[in-house]
Structure formats: C-alpha cells, structure tokens
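Numbering (the UniProt record's numbering), first residue to last: 1 to 413.
Reading through the structure tokens given below for one structure.
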Amino acid sequence: MEKWHTGSNRSYDVYPFPGCMLPTAEVIIIMAPGELRIPAEAEDGILIGDKRYSGVALTLDNCLLSPERLERSPSAEQGLPLDTEEQLRTQGCELIQAAGILLRMPQVAMATGQILFQRFFYCKSFIRHCVETVAMACVHLASKIEEEPRRIRDVLNVFHRLKHNKGSRTVAPLPLDANYIRMKSQVISAERRVLKELGFCVHVKHPHKIIVMYLQVLECEKNAKLVQMAWNYMNDSLRTDVFLRFSAETVACACIYLSARSLQIPLPDQPPWFWLFGANEEELREVCHRILRLYTLPQVPLPKLQQLVAECRHVLDAARVKPGLGGALLSINGTPTLDGPTSFSPTSKPASPAAAQVTRTSPLSQVALKKACRKLSNGDGKTRLSRSDERREADPESPAHSPRRRCEGVNME
Numbered sequence: 001m002e003k004w005h006t007g008s009n010r011s012y013d014v015y016p017f018p019g020c021m022l023p024t025a026e027v028i029i030i031m032a033p034g035e036l037r038i039p040a041e042a043e044d045g046i047l048i049g050d051k052r053y054s055g056v057a058l059t060l061d062n063c064l065l066s067p068e069r070l071e072r073s074p075s076a077e078q079g080l081p082l083d084t085e086e087q088l089r090t091q092g093c094e095l096i097q098a099a100g101i102l103l104r105m106p107q108v109a110m111a112t113g114q115i116l117f118q119r120f121f122y123c124k125s126f127i128r129h130c131v132e133t134v135a136m137a138c139v140h141l142a143s144k145i146e147e148e149p150r151r152i153r154d155v156l157n158v159f160h161r162l163k164h165n166k167g168s169r170t171v172a173p174l175p176l177d178a179n180y181i182r183m184k185s186q187v188i189s190a191e192r193r194v195l196k197e198l199g200f201c202v203h204v205k206h207p208h209k210i211i212v213m214y215l216q217v218l219e220c221e222k223n224a225k226l227v228q229m230a231w232n233y234m235n236d237s238l239r240t241d242v243f244l245r246f247s248a249e250t251v252a253c254a255c256i257y258l259s260a261r262s263l264q265i266p267l268p269d270q271p272p273w274f275w276l277f278g279a280n281e282e283e284l285r286e287v288c289h290r291i292l293r294l295y296t297l298p299q300v301p302l303p304k305l306q307q308l309v310a311e312c313r314h315v316l317d318a319a320r321v322k323p324g325l326g327g328a329l330l331s332i333n334g335t336p337t338l339d340g341p342t343s344f345s346p347t348s349k350p351a352s353p354a355a356a357q358v359t360r361t362s363p364l365s366q367v368a369l370k371k372a373c374r375k376l377s378n379g380d381g382k383t384r385l386s387r388s389d390e391r392r393e394a395d396p397e398s399p400a401h402s403p404r405r406r407c408e409g410v411n412m413e
C-alpha cells in the first residue's frame, strides 16, 4: 500500500491490483480513509473465467503490455513468423497514415488509429482478422475519438483508392451495390470488435505536445531542424510497438535523443538531461533501436503478406483436424472442441427438423393418455363418431367419402 496525495489537504491510500482488459495494466482502487473498506476475502479480487478483476481505474496514462505478452502475441502462438507479423503491423499503420492524409485528418487522429491497431493485434491474431478491414475500422473509430468524424463511405472509398491506385490512373468510387454493403458491415463489425477487445479503453496519450514542451525546457525550440527531425521520428515510431512498451514521455525523450545525435547537437549530460523527465538511457536506446530497425525492414507488398497469412491459416486449420476423430476440430492443446462438425454429445442430434418431429415423445404421461382415450370412447369400447363421420360411413359412394376430400378438408363447391 502506498500513500497518494492530491492538491487538497486529503491523503488517499492507493492499492495496486494486477489485472485489466490489457494484460499488464494495473487496476488501482483509490479510497479515502473511512470512506471505503475492502473486505478481507475480496483483497485478491474476483476471478471471472481465467482473469482476475479487482477494481476499476481512471487514468490518463497509456496501457502498457508485459514483456511476456509482447513476446507471445496471438499471431505468434498460431504459427505466424515474427518478421511477417512485424511487416503486417508496419503495412497496416502505413495504410492508416496514408488514408488519414487523404481524409484530411489531423495527425493526432492518425496516431490514435495506429496505436489502436497495434493494441488490437496484441489481443487478436492476424490469421483470423483481415488487416485492411481492421485498419479501416481503426481509422473510423479514431476519427470519432479525436472529434474529427469521417463518413464510413469516405473511409471505404479512400482505402479502395489506395488499393487500386496504379500510377496516375483515376480510380472510380465504389458503387452502392451488394459488395459495398458487405464491406460496410464488415467495417462496422470490426469496429465493435476493436472496442470489445480493448475493453472500450481507447484513450491514447500522444507525445507530440510533450516533444515541443521538452525542447522548450532544453532551449532548443528555435532549432527548426532538430524540431522537425524529432517530429519525423515520432511519426515513424507509430509504425512500431514502442507505445505499448514505454510511456509517452520516454518515447518523446528517445526521439529528441536520436535527433540530437543525428544532427550532432550537444545536450546536457552532467547530469543527463533525460533524468529530468523520468527516463533512463537503457530505455532510450531500446526505443531508438526499434525506430532505426524500421528503416532496415524489407518492403514486402501487402498482397504477398496476405498470401503468407492465408497459408498459415490453411496449415492451422489442417492441424486442428484429427483424422481419428472423424474430422473433429481440436483446440491448441489437442483436445476436441464442441464447435466442430461432429457432436461430442452422448445423444445424437436428428438429421432434420422432420426427423425430430417424428421421434418426439408426447408430453402427456401414460396415465393422462389413457384418460384421454377413455373420454373419446363409448362404454362398449367403440370410438364415438361425429355426425359427419356417421354420414360418411352410411354412404361410402358420396363425395364426402373420397380420399381427396378427407385429405384436403376444404369445401369442394
């Protein structure tokens, strides 16, 4: 337990608890003395499924992931190579940036979309979700988060232009046909999935304003080259996952650090200037290494990456089917799943609804059924006939006795 002091004269007790929608974020329960008490049995939180929830935190910081979660992404667990996943992340963020420019969105909105894109694919796999669809959903969602909304039709047309633009050829807008309706529905569903997987935690703390403030503290804001280069490194860092590993202040210091070394501009080192902003040199070097590695990645076209993803999906689906179980689907650990083509229920399901109606048992018990038969019969055991049935038995040659009349049960006149 730690003490947490506010600007007022009241002090609060801060209880950190692990567990949140994002793996390494800490849920903090803040309580004033005498206002809220945590029962002894609830100190460990509530276990729901395989996750433990201990409270709700309201914070303006970015949600950071643990090193274990960063090294074992859902895509890597399903067999996608790490270099392919890194290239897919880069290509998806480049799509969001290019679409944001064509949509005339502010840089803050484009940065929000790229960070949401990175967060989502640490919750879900590239093998099961389309890169382009999720990128469109992140652009549309980020435009609403940053209060710069764009129509979903404009988003679809921009991505359509980016996909089919070859040289200076003019690309016609999407026609309002069934294909357009299908794409629109997919984007809306993907947007809902992004919100669900992130737990509606879509706040992003951007370091762009922090860079300007830090340069003013260092009295370097008048150096246009330094400011522009730091800003460029900041925009390029959005294509990496550094915002899921380090705080916005650390990323801002790393961009200034890298720009100053590139331009050979000396900064205070006795003590180091970044200590003032709560950063350390090891983290700065790690961020700089990830930004510089971005420029050495091979430029692989997105269709080729999607083809590699399709091959991994085919291998994964084939590995989940075990011939000995008659085509039953297997989970990752090899156990049969209940959503496969075969049923693992002790009772077999009927082949059709008609078969189900034939084999359906009467809800009446045997005693009630005997009572119903007894009411319908005479005292001598013969079944009581209605007047129409008596006339039909008396005159077999009448039209009312024909099989067609009995089957149809309607007036023939």
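Heads up, the beta-carbon is just placed ideally off N, CA and C, and yes, glycines get one too.
Own chain partners of residue i with C-beta closer than 6 Å, once the 5 adjacent residues on each side are dropped
i: Leu-113; result: Looking at the sequence itself, residue 113 is Gly, so the reference to Leu does not match. Contacts found: Ile-96, Cys-138, Val-139, Ala-142.
i: Ala-190; result: Thr-133, Val-134, Ala-137
i: Cys-123; result: Glu-197
i: Val-202; result: Ile-145
Secondary structure of residue i, DSSP reduced to three states
i: Pro-272; result: strand
i: Met-128; result: In the sequence as displayed, the identity of residue 128 is Arg instead of Met. Three-state result, Arg-128: coil.
i: Leu-103; result: coil
i: Ile-265; result: coil
i: Trp-4; result: Confidence at Trp-4 is low in this model, with a pLDDT of 39, below 50, so the placement of that residue should be treated as unreliable; the coordinate-derived value is given next. Correct three-state label for Trp-4: strand.
i: Arg-52; result: strand
i: Leu-47; result: strand
i: Ser-185; result: helix
i: Val-300; result: coil
i: Arg-290; result: helix
i: Leu-316; result: helix
i: Ser-143; result: helix
i: Leu-218; result: coil
i: Arg-119; result: helix
i: Gln-87; result: helix
i: Leu-198; result: coil
i: Thr-240; result: coil
i: Ala-172; result: coil
i: Glu-148; result: coil
i: His-164; result: helix
i: Leu-284; result: helix
i: Tyr-257; result: helix
i: Gly-278; result: coil
i: His-203; result: coil
i: Phe-159; result: helix
i: Cys-63; result: coil
i: Asp-154; result: helix
Classification of residue i by the beta-carbon crowding that lies within 10 angstroms, buried from 16 upward
i: Ser-75; result: buried
i: Leu-47; result: exposed
i: Ser-262; result: exposed
i: Phe-344; result: Residue placement at Phe-344 cannot be trusted, given a pLDDT of 35 that sits under 50; the coordinates are not used to answer.
i: Arg-150; result: buried
i: Thr-170; result: exposed
i: Phe-246; result: buried
i: Tyr-257; result: buried
i: Tyr-295; result: exposed
i: Leu-65; result: buried
i: Gln-91; result: buried
i: Val-287; result: buried
i: His-164; result: exposed
i: Glu-71; result: exposed
i: Glu-77; result: exposed
i: Ala-248; result: buried
i: Leu-276; result: exposed
i: His-129; result: buried
i: Phe-200; result: exposed
i: Val-194; result: buried
Other residues of its chain near residue i: CB distance less than 7 Å, five sequence neighbours each side excluded
i: Ile-152; result: His-140, Lys-184, Val-187
i: Leu-88; result: Phe-126, Val-131, Leu-305
i: Arg-313; result: Ile-127
i: Leu-229; result: The question names Leu, but residue 229 is Met in the sequence shown. Excluding sequence neighbours, Met-229 sits near Ser-259, Ser-262, Leu-263.
i: Leu-82; result: Ala-76
i: Val-227; result: Leu-215, Glu-221
i: Asp-380; result: No answer about Asp-380 holds up, because its pLDDT of 49 lies below 50 and its placement is not dependable.
i: Tyr-233; result: Cys-255, Leu-258, Ser-259, Ile-291
Option nearest residue i by Cα separation, candidates the options
i: Arg-119; options: Val-287, Glu-281, Asp-317, Leu-238; result: Leu-238
i: Ser-73; options: Val-287, Tyr-257, Ile-127, Arg-150; result: Ile-127
i: Glu-148; options: Met-105, His-160, Val-158; result: Met-105
i: Ile-181; options: Val-194, Val-204, Leu-156, Leu-162; result: Leu-156
i: Ala-254; options: Pro-271, Ile-291, Ile-265, Asp-241; result: Ile-291
i: Cys-63; options: Glu-283, Gln-307, Leu-244, Ala-98; result: Leu-244
i: Glu-86; options: Gln-270, Val-300, Gln-307; result: Val-300
Near the ligand FAD: residue i beta-carbon under 7 Å from a heavy atom
i: Leu-267; result: Absent from the structure shown: the ligand FAD. Ligands present: none.
Contact set for residue i: own chain, Cβ-Cβ below 8 Å, skip 5 residues either direction
i: Val-108; result: Glu-146, His-206, His-208
i: Glu-94; result: Arg-239
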